[in-house]
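Participant: Residue numbers (the numbering used here), protein chains in the order written: chain A, 36 to 397; chain B, 36 to 397.
Just passing along the structure, written as C-alpha cells.
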C-alpha cells in the first residue's frame, strides 16, 4: 500500500509554485556568491567595508542617521525596545497582541530585558489611533508592525499612521517600526521607504521575507541608538567575527527583488481575487495591500489537507505548503508572492483553483 | 614622501605567514561549499538534517548526550551558565579573572542574566585545585577555560584537572568547559576529546579558532540542558531560520584540520624555541602546550612595531599581525599555529628571527 502524499510533499513536487521565492536550499547562498570576489576580506566583529558599506546603504535608503546589521530581527527588536526603555526610564513598551516579540520569541524581551509589554487593541484587528491615545502614560516605546503579519498583513491607512506618529512625538513616546516586510508595503502606500521610516524613531527590516535572503536584519535610528545597539549585540552573542555570509546574500537579494515588489503586490491581488470566487474560501485582507495574504477555509483542516494535496498533485500547481487549524471546522494558510508566481501558467492556475473549489464543495 | 608600511600591512604582504590559517576572506566560505550539493535543503529554526547530523556527530565525538549548534560561543556559554544557575537556584558562578565572559562580552552575563561571577585565582596564573576548594559554597557552576587563552594558553596538569572535576562532583558544583580551543590541547594531554569532556558537565567548542571556520559554536551536555538551551537561543535571537553557512563551513574545516592539531602543536614548540633564543623576547608558555603561545618583548610597543614591520618586509616572513602594549616598555602578541606555518622555509624563518633579534638589540 502506498501512503497518499502529504500536503508538504505535493507542494514540493509540483511543477509551479504560487507562493515564495523557491526552495530554501544551499543554492540560495551559492547564487548570491557567484559574482563575489573570493579575496574580499571578512568584516571583523562588526567592522570593515563589507558590513559598513551595507549599513550606510540602508541608512541612506531609509533616511536614518545610522544602521547596524544583526543576525536576526529577534535580537534587533528586543535591543531597540531595551534602548528606548532605558532612555525613557520606563519598562513599559506597547505592541499588538500578536506581535512577534509576544508570540514567537520565547518571551526573550521579558526574560532577558525584564520589559513589561502593554498589549494594544485586540488579536483580530489593527492597532488604531484611539488605542494609542488610551495607552498608559508610562509607555516608553510603541512598536507598530507594518503589515500586521499574523492577521494576513493588514495595514492602517497612511493618514492614520501619520496621526499616530504625530501623537507619539507630541507625547514623547518613541515609535519603532517592525518593518520585517517594509519593502513589500511601499507599492500600496505609494511611498518611498524613507517617507514611511520618517514617521518612526527606529526601524527594523528583514532580509529573508520578501527579499528572500538567508537570514539577517538591520536596525536603524540615530547614531547613539546604533552605538548602544552594538553593545547589546555583543551582549546577546550576535556580534560574530564574520556575518558576511548573511550580509552578502542580503545585499544580493535586496538588489534583485526590491524592483519586483510592485509586481508581487499586483500578483497577490490577482491570486486573492481567484480564491475569493470560491465558495467557503476567503482571503484576508480581501484585497491584499502587500505581497501577502491569508487564505481562510471553512473546512476542517484534515479534509482541506487531503483535498489540496490531491489538487496539487493533479494540477502540478503548488497552492499551500501547510495549513494551520483555526477551529475544529476551519483552517488557514499564508500566501506570500515571490519570484515563483510569474512562472505559473494562468490558465492552469485557474483550472487548479476551480478544481479545488469543486472538490472542497462536492 | 612614502609613509613606512605598518605592522598589519607588512604582515598581509609577506610571502609566508608563521601564524594562522590564512586570510579571513570570502574564499574561506567558497572553499567549504565546493563539494556541497546546492539542492541540500536549509535547516529551519534549528531543525533539519543539516544541523541535526552535525550536532549528533559532535555529541558522539565528545561523549555527551546532546549537542546544540549556536552562532557564537558568547551566546552558548552565557546560556550554559544560566541553566546551571537556574538548576542550582544560585546566581553565583565562578571563573578566571580573564575569562571571555568577564572581559570580552560587554558584561552580557550580568546585564542579561543577572548572574554574579566569583573570580577565582589571579590574572597572571591558572585556577588551581586550592582556589576551587576555597570557592564560596553557593557557586552553581565553575567554568574552566582550556587552554587559558589570555595567559598564552597555559594548561593545568591533567591530574589536577581530574582532582578539580572530582571535587566539583562531590560538592554538587556543575563544571563547564570553555573549550574554544579544546581540539588544540588534545595532543599535549594525549587524550581523546571525550575523555577530557568526561570531566565536565557541559562543554562549549568553537569552530573558528584552530579549526579556522567562519563562525559558530556547539554547546554539549545532557538532553535537558540541550532542550533548555534551545529556548534561550531563541530568546537571545540566535535561533536563525538558517545557520547552514556556518554549519557547513564548520564541518568542512573540522574534518580538514582536526588531524593536523598534533602537527600544529609540534610546530608551536619549534617556533617558540626559536624566539626563546633571542634576547629580550620570551614566550608564554615557555614550551607551548597547544598550537598557541604569547610572545613577550621587553621593548616599547612603538619600537617593536616598526622593527617587526621592517623585518617582515625584508624577509618576506610574517611574524606578527599586531602588538598589544603590556607596559610602557613591554609589549606582546599572540601566535596561533595553523596551516600557514608548514609553507614557511625553515632557513628563511631562522634568518628572519635572527634579523629581528639583531635589530631589536642593536
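Backbone N, C-alpha and C fix where the C-beta goes; we use that ideal spot for every residue, glycine too.
Use the C-beta contact count for residue 74(B): other C-beta atoms within 10 angstroms, 16 or more gives buried, fewer gives exposed.
Facilitator: Classification for residue 74(B): exposed.
Participant: What first and last residue would you give for the beta strand (DSSP E) that runs through residue 342(A)?
Facilitator: Unbroken run through residue 342(A) is the alpha helix (DSSP H), 336-350; no beta strand (DSSP E).
Participant: For my contact list, residue 176(A) and residue 128(A) are in at a C-beta cut-off of 8 Å; report their separation, rounded to the angstrom.
Facilitator: Indeed they touch by this definition, with Cβ atoms about 5 Å apart.
Participant: Taking three-plus beta-carbon pairs below 8 Å as touching, is the region 274-285 of chain B in contact with the region 112-123 of chain A?
Facilitator: These segments do not touch.
Participant: Could you check where the alpha helix (DSSP H) with residue 303(A) kicks off and where it finishes?
Facilitator: Residue 303(A) -> alpha helix (DSSP H) spans 296-311.
Participant: Inspect the CB distances between the region 304-317 of chain B and the region 279-296 of chain B and report whether three or more fall short of 8 Å.
Facilitator: No: the two stretches stay apart, fewer than three of their Cβ pairs being nearer than 8 Å.
Participant: Does chain A have any CB closer than 9 Å to the CB of residue 365(B)?
Facilitator: Closer than 9 Å: no.
Participant: Taking the alpha-carbon positions, what's the residue 159(A) to residue 186(A) distance?
Facilitator: Going from the Cα of residue 159(A) to the Cα of residue 186(A) covers about 7 Å.
Participant: Applying the criterion that 16 or more other CB atoms from any shown protein chain within 10 Å of the CB defines a buried residue, is residue 259(B) buried or exposed?
Facilitator: Per the 10 Å Cβ criterion, exposed.
Participant: Using a 10 Å radius around the Cβ and a threshold of 16 neighbouring Cβ atoms, would you call residue 91(B) buried or exposed?
Facilitator: Result: exposed.
Participant: Taking only beta-carbon positions, decide if residue 54(B) is within less than 9 Å of chain A.
Facilitator: Cβ-Cβ to chain A under 9 Å: no for residue 54(B).
Participant: Mapping DSSP to helix, strand and coil, what is residue 122(A)?
Facilitator: The answer is helix: DSSP assigns residue 122(A) an H, G or I state.
Participant: Could you confirm whether any beta carbon from chain A is found closer than 9 Å to the beta carbon of residue 269(B)?
Facilitator: Residue 269(B) counts as touching chain A.
Participant: 9 Å is my cut-off, CB to CB: does residue 235(B) come that close to chain A?
Facilitator: Closer than 9 Å: no.
Participant: Label residue 162(B) either buried or exposed according to how many other C-beta atoms from any shown protein chain fall within 10 Å of its C-beta, with 16 as the threshold for buried.
Facilitator: Buried, since its Cβ has 16 or more Cβ neighbours within 10 Å.
Participant: Could you please tell me which residues of the region 234-262 of chain B, in chain order, have their CB closer than 8 Å to any CB of chain A?
Facilitator: The residues in question are 243, 249, 250.
Participant: Residues in its own chain within less than 8 Å of residue 284(A) by CB, not counting five upstream and five downstream?
Facilitator: Excluding residues within five positions, the ones whose Cβ falls inside 8 Å are 63, 64, 67, 68, 242, 248, 249, 251.
Participant: Could you tell me whether the region 306-325 of chain B touches the region 378-391 of chain A, using the rule of 3 or more Cβ pairs below 8 Å?
Facilitator: In short, these stretches do not touch, since the Cβ pair count stays below three.
Participant: Between residue 336(A) and the rest of its own chain, which residues show a CB-CB distance below 7 Å, the 5 nearest in sequence each way excluded?
Facilitator: Here the set comprises 358, 360, 366.
Participant: Shorter than 9 Å from the beta carbon of residue 68(B) to some beta carbon of chain A?
Facilitator: Answer yes: the Cβ-Cβ gap between residue 68(B) and chain A drops below 9 Å somewhere.
Participant: Would you mind stating whether residue 45(B) and residue 386(B) have Cβ atoms separated by less than 9 Å?
Facilitator: Cβ distance not < 9 Å, so residue 45(B) and residue 386(B) don't count as in contact.
Participant: So for residue 61(B), helix, strand or coil by DSSP?
Facilitator: Three-state result, residue 61(B): helix.
Participant: Run through DSSP, which three-state label would residue 213(A) get?
Facilitator: Of the three classes helix, strand and coil, the one that applies to residue 213(A) here is strand, per DSSP.
Participant: Determine the DSSP secondary structure at residue 167(B), reduced to helix, strand or coil.
Facilitator: In this structure, residue 167(B) counts as helix in the three-state DSSP scheme.
Participant: In whole angstroms, what separates the C-alpha of residue 314(A) from that of residue 134(A)?
Facilitator: Using only the alpha carbons, I get a separation of about 31 Å.
Participant: What are the partner residues of residue 238(A), as DSSP defines its beta bridges?
Facilitator: According to DSSP, residue 238(A) bridges with 212(A), 255(A).
Participant: Assuming residue 332(B) is part of the beta strand (DSSP E), what are its boundary residues?
Facilitator: Unbroken beta strand (DSSP E) run through residue 332(B): 327-332.
Participant: How many Å lie between residue 234(A) and residue 194(A) at the Cα?
Facilitator: The alpha-carbon atoms of residue 234(A) and residue 194(A) are separated by roughly 11 Å.
Participant: Expressed to the nearest angstrom, what Euclidean distance is found between the alpha-carbon atoms of residue 267(A) and residue 332(A)?
Facilitator: The alpha-carbon atoms of residue 267(A) and residue 332(A) are separated by roughly 43 Å.
Participant: Which of the residues in the region 306-327 of chain B, read from start to end, lie with their CB under 8 Å from any CB of chain A?
Facilitator: Correct list: empty, as no residue qualifies.
Participant: Alpha carbon to alpha carbon, how far is residue 208(A) from residue 52(B)? Give it in angstroms, no decimals.
Facilitator: Approximately 55 Å, taken between the alpha carbons.
Participant: Would you check if the distance between the CB atom of residue 356(B) and the CB atom of residue 47(B) is smaller than 9 Å?
Facilitator: It is a contact, given that the beta carbons lie within the stated cut-off.
Participant: Does residue 247(B) come out as helix, strand or coil in the three-state DSSP assignment?
Facilitator: Residue state, collapsed to three classes: coil.
Participant: Where do the N-terminal and C-terminal ends of the beta strand (DSSP E) with residue 128(B) fall, by residue?
Facilitator: Segment 127-130, the beta strand (DSSP E) holding residue 128(B).
Participant: By the criterion of Cβ-Cβ separation under 8 Å, what are the contact partners of residue 75(A) in chain B?
Facilitator: Neighbours of residue 75(A) on chain B, chain order: 60, 61.
Participant: Check whether chain A comes within 9 Å of residue 84(B), counting only Cβ atoms and requiring the distance to be less than that.
Facilitator: So no, residue 84(B) is outside the interface.
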